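**Q** My questions will all concern the structure given below.
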Amino acid sequence: MQKGMRLNDGHITYLALLAKKDGTRRGSLSKKSSDNTKWHSKWFALLQNMLFYFENDSSSRPSGLYLLEGCVCDRAPSPKPSLSAKECLEKQYYFTVTFNHDNQKALELRTEDVKDCDEWVAAITQASYRNLATEHETLMQKYLHLLQIVETEKTVAKQLRQQIEDGEIEIERLKSEIAGLLKDNEKIQSNPEVPPSEDDTEIKKIKKVQSFLRGWICRRKWKTIIQDYIRSPHAESMRKRNQVVFSMLEAEAEYVQQLHILVNNFLRPLRMAASSKKPPITHDDVSSIFLNSETIMFLHQIFYQGLKARIASWPTLVLADLFDILLPMLNIYQEFVRNHQYSLQILAHCKQNRDFDKLLKQYEAKPDCEERTLETFLTYPMFQIPRYILTLHELLAHTPHEHVERNSLDYAKSKLEELSRIMHDEVSETENIRKNLAIERMIVEGCEVLLDTSQTFVRQGSLIQVPMSEKGKITRGRLGSLSLKKEGERQCFLFSKHLIICTRGSGGKLHITKNGVVSLIDCTLMEEPEGTDDESKGERSGQDTEHLDFKVIVEPKDVQPYTVILVASSRQEKSAWTSDISQCIDNIRCNGLMMNAFEENSKVTVPQMINKDDELLQVLQIRSPAWKRLLKADDLRFLH
């Protein structure tokens, strides 16, 4: 069962009494019943767009309410009466109120006076808030138009008053000038003219020659000043500065053209292709590949137009505020650079789709691309910030210290350099994390130490791991055997804190060997392991692997110590591995010493920048040389 609508009866009663007292239109009307059979006389009162009706004019409470907003009121023809009621109906006039709803029955009313009927129809027709609002808007527009006309007339009147004042001043000036001319004329008429003598003619000639010589001397001196300035260091610096500015304009025009090709030849067509029935690429991949590309194009179009406008006002050239416009938008570049490596990965993945690769080659074959690939266009924004930094360096090198733009250009350069460092760190950190995760996914067993974000990748390569004998020794004579090379070949990954040793399985997968996760903080590196008698025999046998092995002694706190012997393929590779491992161990111990020193002597924690500065402090490492090197050092044949 549908519930009835609740209304504010008290307020409606108040409005009904107000309509009964001060309504727009009040009077008795005949209302047709709902069953269309009878007419009932009611007392109606119209207030704004509400039509109340009472039982009679003395009723204190309304019998009903009609909301007239959006209704249509028209005169209605009289119904065809019967012969008996024809005389009665001739004195009755009908009108209807139609509501614009299918389920709403029209309200049928009648009066006994044609004038009364027309007045009711006119009053109900005007009782609409929409009509009042439209009239109000029209009146407001007329009012504003009149205000504008008044302001214009005031301005014109002010200009006319100013012109009148200027005219009066000009009249006074002309009057005074006329008076002066009249006085001069009177003097001339009072004094008779004296004919010029020959001396006056000679003096005029002398003055003319002197004037010519003075002009020639002045022009010669001015020419000397200009030539001296042209040859001066300041003028040379200004010429170079102007050349830098014009080169910057040409480079910016070329860069805007490159961005225009990137957006119009690749981004927008790929968006259209992603919306097709069989899309070769998804909208997410398009957004990942071209992140912020269109925004960067719009930004540089504005920057280029501003640069052209500044050069058009030559020689009054101000560039610093252009970089002030560019600086707040550099976070867009930061997001693009951070996403660049990922966008190239997504693009490489999408190229595996033949349809996409074919479509991309069609785009790259356009004449505008000039045989350049999409990867090339995606790389251009990566070099724009460094290009701006170089340009600002050149501008500052040729800008005097007292120049008005010196501080602004210096500030822009510092901001760009700061952003360049941040982007370089973020790109390096992001690439390092992706590299670590890629290696971790290759390992079948997984490796938790690679999930540490502070773990930095250093190098990787193939080394041969020599197994230890039961006595813990290895003979060098076995190092060159083919079976040992095949069985002992290991894929090694060096990180800032760990050394990972793996064997390569089928499908390119890796398996961590026993004790294959080596913590460098517990390690000691021996580049020249001490030999034995068996080793010396192996050396005399002429093996090619002499001095290619190095030893890593691992002494963990909770596990029995063990030794890892690795053999490189060449002396250069061994030197690179031992140098990097030694540097990683030194860095770990250096950081540990500094942390301990700060924790013992101060409550201030070590700043992160000190922890990560590899060149700040290095602890000296003393290694014991092999006995062969000591003998070689004493041999006179090797002394120069």
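In UniProt numbering, the protein residues as written are 1 to 640.
For glycine and all other residues, C-beta sits at the position ideal for the given N, C-alpha and C.
No experiment lies behind these values; they were computed from the predicted model shown.
Out of Tyr363, Trp43, Ser293, Asp368, which has the shortest C-alpha to C-alpha gap to Ile332?
**A** Of Tyr363, Trp43, Ser293, Asp368, the residue nearest in Cα terms is Ser293.
**Q** Output the residue ranges of the beta strand (DSSP E) runs that lie fully inside the region 267-318 and measure 3 residues or longer, sorted by chain position.
**A** none
**Q** Quick one: what's got a C-beta closer than 8 Å to Asn8's C-beta in the same chain, skipping five residues either side?
**A** none
**Q** Specify the secondary structure class of Met526 as computed by DSSP and reduced to three states.
**A** Assigned with DSSP and collapsed to three states, Met526 falls in strand.
**Q** Let me know if Gly488 comes out buried or exposed under the rule of 16 or more other beta-carbons within 10 Å of its beta-carbon.
**A** buried
**Q** Quick one: what's Gly507 bridged to in DSSP?
**A** Answer by DSSP bridge pairing: none, since Gly507 is not bridged.
**Q** Do Gln258 and Phe383 have their C-beta atoms within less than 8 Å of each other?
**A** no
**Q** Among residues of its own chain, excluding the 5 on either side of Lys471, which ones have a beta-carbon nearer than 8 Å to its beta-carbon?
**A** Bear in mind that the predicted position of Lys471 carries a pLDDT of just 40, short of 50, making it unreliable; the figure below should be weighed with that in mind. For Lys471, where only same-chain residues beyond five positions count, there are no Cβ hits under 8 Å.
**Q** Is Ile296 closer than 8 Å to Cys369 when the C-beta atoms are compared?
**A** No. Outside cutoff.
**Q** Under 8 Å Cβ to Cβ from Leu322, same chain only, skipping five residues before and after it: list those, please.
**A** Phe303, Gly306, Leu307, Arg310
**Q** Could you check the C-alpha separation between Asn432 and Phe493 for me, to the nearest Å?
**A** 13 Å
**Q** How many Å lie between Ser34 and Leu17 at the Cα?
**A** 25 Å
**Q** Whose C-alpha, out of Lys38, Met5, Asp57, is nearest the C-alpha of Lys20?
**A** Asp57
**Q** Just checking, does the region 457-464 make contact with the region 493-508 on the three C-beta pairs under 8 Å criterion?
**A** yes
**Q** What residue from Gln341, Asn242, Ser247 has the CA that sits closest to Ile289's CA?
**A** Gln341
**Q** Does the separation of the CB atoms of Tyr363 and Pro269 fall below 8 Å?
**A** In contact: Tyr363 and Pro269 (Cβ atoms closer than 8 Å).
**Q** Suppose the cutoff is 7 Å on Cβ atoms and the five residues either side in sequence are ignored; what does the same chain contact list for His11 look like?
**A** none
**Q** Considering only the alpha carbon of each residue, which of Ser63, Lys32, Lys38, Arg25 lies closest to Thr13?
**A** Ser63
**Q** Cα separation between Val559 and Asp522?
**A** Their Cα atoms are separated by approximately 11 Å.
**Q** Assuming contact is defined by CB atoms lying nearer than 8 Å, are residue 643 and His398 in contact in what I supplied?
**A** The structure shown does not extend to residue 643, since the chain is modelled only from 1 through 640, so no value can be given for it.
**Q** What does a CB cutoff of less than 8 Å around residue 644 pick up in its chain, not counting 5 residues either side in sequence?
**A** Here the chain has residues from 1 to 640 only, and residue 644 is not among them.
**Q** If we require 4 or more residues per run, which alpha helix (DSSP H) segments fall completely within the region 328-390?
**A** Whole alpha helix (DSSP H) segments, 4+ residues: 330-350, 354-364, 374-379.
**Q** Return the Cβ separation of Leu107 and Val97 in integer angstroms, given the expectation that the two are a contact with Cβ distance under 8 Å.
**A** 4 Å
**Q** Using 8 Å for Cβ pairs, my map puts Leu29 next to Met50. What's the rounded Cβ distance?
**A** That pair is no contact at about 15 Å.
**Q** So, helix, strand or coil for Gln227, using DSSP?
**A** Helix at Gln227.
**Q** Alpha carbon to alpha carbon, how far is Leu499 from Ala438? Give it in angstroms, no decimals.
**A** 16 Å
**Q** At what residue ranges does the region 150-209 contain a whole run of the alpha helix (DSSP H), taking only runs of 4 or more?
**A** none
**Q** Using a Cβ-Cβ cut-off of 7 Å (strictly less than) and excluding sequence neighbours within five positions of Lys32, which residues of its own chain qualify?
**A** Trp39, Glu108
**Q** What would DSSP say about Ala76, mapped onto helix, strand or coil?
**A** strand
**Q** Pick helix, strand or coil for Phe54, following the three-state DSSP scheme.
**A** strand
**Q** Val121 and Cys71 look like a contact to me (Cβ under 8 Å); what is the Cβ gap, rounded to whole Å?
**A** Contact flag wrong, Cβ pair sits at about 12 Å.
**Q** Just the Cα atoms here: how many angstroms apart are Leu451 and Asn436?
**A** 7 Å
**Q** Does the distance from the CB of Phe298 to the CB of Leu374 come in under 8 Å?
**A** no
**Q** What is the DSSP secondary structure of Arg214, reduced to helix, strand or coil?
**A** helix
**Q** Using a beta-carbon distance below 8 Å, is Leu29 in contact with chain C?
**A** In the structure shown, chain C cannot be found, because there is only a single protein chain.
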